[in-house]
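Chemist: Our numbering puts the first residue of the sequence shown at 666, with every later residue one more than the last.
Let me give you the structure first, and then I'll get to my questions.
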Amino acid sequence: MLSNLAVRDIETVLHPNTNLAQLRETGPLVLERAQGIYVYDKDGKAYIEGMAGLWCTSLGYGNEELVEAAAQQMRKLSYAHLYNGRSHDPAIELAEKLKEMAPVPISKVFFCNSGSEANDTQIKLVWYMNNALGRPKKKKIIGRMKGFHGLTLGAASLTGLPHNHTDFDLPLPGFIHTSCPHHYRYAHEGESEEDFASRLAHELEELIVKEGPETVAAFIAEPVMGAGGVIVPPKTYFTKVMAVLNRYDVYMIADEVICGFGRLGRAFGCEVVGFKPHGISIAKALSSAYLPIAGVMVPEDMYQALVAESAKIGTFGHGFTYAGHPVAAAVAVKTLEIYARDRIFAKVATMIPQFQTRLMALGEHPLVGEARGLGFMGGVELVADKTSKRAFDPKRGVGARCVRFAEEEGLIVRLLPGDTISVCPPLIITPDELNELFDRFRRALDRTLDWARHERLFAS
Ligand SMILES: Cc1ncc(COP(=O)(O)O)c(C=O)c1O
């Protein structure tokens, strides 16, 4: 029986990124309040927020310092924009802090409100820059199969997930996708990680040559793929990819929307997986998701090209009403202050071995084909047969069932494509809470296994 609120939801809310038909049967999980790493539904049931919302609530819930930063800024200057050369303290301070933290030299920060806007902005900046540099044909952008970069038209075109393209008439022309660096699924029989990385870099090079290097402008990558299934690239992958990109003067965009701000134990994910991007997209943990704010970090040579073009044609005509919103910017400044003061990234680094040990132990479970992850990101891929890696029939909804069992156990995890279940807790989680999270996760897997056997989906 669906609750009154659930019925009202179904009658009124069109949900993003949701199986709309299934939702009409199951109804939504309606949350009411939250504190620390816990969220509570409208019946008062507590759940560990094992996904930090959508990979974003890094400082957890109910942080009074962030609430206070927002309230103070609302009282002082509740809104101001950055159009036509206007500005305000919080945006300036935030940009300064971000420049200091950046993993590569950057010149300016362009603010926006979401990861998708950040990645759309990257596309537009690259196009504008290449026009400014007199190479109007150099416009194609390469993403990766299973990459996720958001869902506005440009960002969704960068994304490499079929359910984000089908029937939306996407990707748009000029967006291409190269192979996904997932060794477990895509390596050839007996191929080492190293050889797999070399093959993928070679394929990328062939793609650039086939398309014509004079037409290929940029490449975008998450340091660790999130929504595509928590996919960690082989160790040498990015070094090899960067060599190819540099050979053909292709601009490298790091999508740090998930990995940025401590998720992998350092400020930026690219520092952990070992590459130096030209441009960087940030969002989510920038404000610990207390308010929407995102940004694009722009290198000096791109900035100079933008200025030169603007000098020629006038207004640099890109931006958003709420870009660098002072309240969101003030909260982001406070968030960065807390990360530094409380040494959050270093604390995460000390807890990563515990996280990864507990995660990898799930790999022994009969249902789990692969447990994988890096830093405080993890995924377990459920399979019908461990030896052959045979997946379950997607129609049987095994992963969805596991997520429901986890909810019954008081844990929020997320189903990703290919029956992969992800975990990505708030960075403030304690060692005891982390153990509790994985205990609940294991119980959910056990219950899924019992159910799958009962349904004759799992033979052994
Ligand atoms: C890596 C990455 N980039 C971009 C986005 C899009 O961000 P938003 O949903 O804020 O538009 C996401 C969202 O999950 C993401 O994971």
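A virtual CB, placed ideally from N, CA and C, is assigned to each residue, including glycine.
Do the stretch 815 to 831 and the stretch 881 to 894 make contact, defined as three or more Cβ pairs closer than 8 Å?
Modeler: yes
Chemist: Excluding five sequence neighbours on each side, which residues of the same chain lie with their C-beta closer than 7 Å to the C-beta of residue 753?
Modeler: 742, 745 and 991
Chemist: Tell me whether residue 813, by its Cβ, gets closer than 8 Å to a heavy atom of ligand 1.
Modeler: yes
Chemist: For residue 847, which of 1048, 1071, 1037 and 1050 has the nearest alpha-carbon?
Modeler: 1037
Chemist: Could you give the distance in angstroms between the alpha-carbon of residue 1020 and the alpha-carbon of residue 1027?
Modeler: 11 Å
Chemist: Look up residue 1095 in the DSSP assignment and say whether it is helix, strand or coil.
Modeler: coil
Chemist: Please say whether residue 1087 and residue 1044 have beta carbons closer to each other than 9 Å?
Modeler: With contacts defined by Cβ atoms closer than 9 Å, residue 1044 and residue 1087 form a contacting pair.
Chemist: With respect to the beta strand (DSSP E) encompassing residue 1084, which residues constitute its N-terminal and C-terminal limits?
Modeler: Per DSSP, residue 1084 is not a residue of any beta strand (DSSP E), being assigned neither H nor E.
Chemist: Bridge partners of residue 666, per DSSP?
Modeler: Paired residues: none, contrary to the question.
Chemist: Are the stretch 957 to 967 and the stretch 779 to 787 touching by the rule of at least three beta carbon pairs closer than 8 Å?
Modeler: Contact annotation: the stretch 957 to 967 touches the stretch 779 to 787, with at least three C-beta pairs closer than 8 Å.
Chemist: Looking at the secondary structure, which residues open and close the beta strand (DSSP E) in which residue 842 lies?
Modeler: 840 to 843
Chemist: Quick one: using the 10 Å Cβ neighbour count with 16 as the cut-off for buried, is residue 748 buried or exposed?
Modeler: Residue 748 should be labelled exposed.
Chemist: Let's see if you can read the secondary structure: which residues bound the alpha helix (DSSP H) around residue 1023?
Modeler: 1009 to 1026
Chemist: Taking 8 Å as the cut-off, is the beta-carbon of residue 1104 closer than that to any non-hydrogen atom of ligand 1?
Modeler: no
Chemist: Which same chain residues end up closer than 6 Å to residue 797 when comparing Cβ atoms and leaving out the 5 residues on each side of it in sequence?
Modeler: The residues are 970, 973 and 974.
Chemist: Does ligand 1 have a heavy atom nearer than 8 Å to the CB of residue 795?
Modeler: no
Chemist: Check whether the Cβ of residue 938 lies closer than 8 Å to any heavy atom of ligand 1, and answer yes or no.
Modeler: no
Chemist: Given this structure, state the Cα-to-Cα distance separating residue 944 from residue 692, to the nearest angstrom.
Modeler: 41 Å
Chemist: With respect to the beta strand (DSSP E) encompassing residue 944, which residues constitute its N-terminal and C-terminal limits?
Modeler: Unbroken beta strand (DSSP E) run through residue 944: 944 to 947.
Chemist: Does the distance between the C-beta of residue 1208 and the nearest non-hydrogen atom of ligand 1 fall short of 8 Å?
Modeler: It is not possible to answer for residue 1208, since the shown part of the chain is limited to 666 through 1125.
Chemist: Can you tell me whether residue 829 sits near ligand 1, meaning its C-beta is under 8 Å from at least one heavy atom of the ligand?
Modeler: no
Chemist: So residue 906 is in the alpha helix (DSSP H); what residue range does that whole segment cover?
Modeler: According to the DSSP assignment, residue 906 belongs to the alpha helix (DSSP H) that extends over 902 to 912.
Chemist: On the DSSP bridge list, what partners appear for residue 896?
Modeler: 890
Chemist: Which term fits residue 763, buried or exposed, when burial requires 16 or more other beta carbons within 10 angstroms of its beta carbon?
Modeler: buried
Chemist: Does the distance between the C-beta of residue 966 and the nearest non-hydrogen atom of ligand 1 fall short of 8 Å?
Modeler: False, no ligand heavy atom lies under 8 Å from that Cβ.
Chemist: For residue 922, which of helix, strand or coil comes out of DSSP?
Modeler: coil
Chemist: Scan the stretch 768 to 846 and note each continuous alpha helix (DSSP H) run of 4 residues or more that stays entirely inside, going in chain order.
Modeler: 780 to 797 and 818 to 823
Chemist: Between residue 930 and residue 1010, how many whole angstroms is the CB-CB distance? I'm expecting something under 8 Å.
Modeler: 6 Å
Chemist: Under 8 Å by Cβ, that's how I've got residue 1123 and residue 1084 pegged, so tell me the actual separation to the nearest angstrom.
Modeler: Between residue 1084 and residue 1123 the Cβ distance is about 12 Å, and since that is not below 8 Å, they are no contact.
Chemist: Note down the Cα distance separating residue 1076 from residue 713, rounded to an integer number of angstroms.
Modeler: Computed Cα separation, rounded: 5 Å.
Chemist: Inspect the CB distances between the stretch 831 to 838 and the stretch 852 to 862 and report whether three or more fall short of 8 Å.
Modeler: no
Chemist: Label residue 993 either buried or exposed according to how many other C-beta atoms from any shown protein chain fall within 10 Å of its C-beta, with 16 as the threshold for buried.
Modeler: buried
Chemist: Terminal residues of the continuous alpha helix (DSSP H) containing residue 1064?
Modeler: 1063 to 1073
Chemist: Given the structure, does residue 953 come close to ligand 1, in the sense that its CB is under 8 Å from one of the ligand's heavy atoms?
Modeler: For residue 953, the CB stays at least 8 Å from every heavy atom of ligand 1.
Chemist: With hydrogens ignored, establish whether the beta-carbon of residue 779 is closer than 8 Å to any heavy atom of ligand 1.
Modeler: yes
Chemist: Does ligand 1 have even one heavy atom less than 8 Å from the beta-carbon of residue 946?
Modeler: yes
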